[in-house]
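Participant:
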Amino acid sequence: MWNWDYDLPKDWQPTTDQEWIWYIERVINYGPKNQEKLSKTLIKKYFPRLRLDKERKEYIRFLVYGK
Numbered sequence: 001m002w003n004w005d006y007d008l009p010k011d012w013q014p015t016t017d018q019e020w021i022w023y024i025e026r027v028i029n030y031g032p033k034n035q036e037k038l039s040k041t042l043i044k045k046y047f048p049r050l051r052l053d054k055e056r057k058e059y060i061r062f063l064v065y066g067k
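Numbering-wise, the sequence shown is residues 1 to 67 according to UniProt numbering.
(1) Name the two residues that bound the continuous alpha helix (DSSP H) containing residue 56.
(2) For the putative contact between residue 24 and residue 43, defined by C-beta atoms under 8 Å, what is the C-beta separation to the nearest angstrom?
(3) Select from 49, 61, 33 and 50 the residue whose C-alpha is nearest the C-alpha of residue 70.
(4) Using a Cβ-Cβ cutoff of less than 8 Å, which residues in the same chain neighbour residue 29 once the five nearest sequence positions on both sides are dropped?
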């Protein structure tokens, strides 16, 4: 599902923690905009602060941490 409701500039990159959290949540919930992938390190860094539904967060935890 591709549902990006924000038009971001082509060269936009998150710079603050809040932007990274917003961006990671959007990619997890709606899919990547241009087939980009999120690194496991990046997900681990922000995982405790991500606001995802319970089932999705448990699945991501399993994929990243194997628990």
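Don't be surprised by glycine CBs; every beta carbon is placed ideally from N, CA and C.
These numbers were taken from a predicted model, which means no experiment stands behind them.
Facilitator: With the structure as the only source:
(1) Residue 56 sits at position 56 when you count from the first residue of the sequence shown. Where residue 56 is concerned, the enclosing alpha helix (DSSP H) stretches over 54-65.
(2) As a first step, residue 24 must be located in the sequence shown, where it is residue number 24. As a first step, residue 43 must be located in the sequence shown, where it is residue number 43. Going by Cβ atoms, the distance from residue 24 to residue 43 rounds to 7 Å, so yes, they are a contact pair.
(3) What is shown of the chain runs 1 to 67, which leaves residue 70 out entirely.
(4) Translated into positions along the sequence shown, residue 29 becomes position 29. If we look at residue 29 and ignore the five residues flanking it on each side, its Cβ neighbours are 52 and 56.
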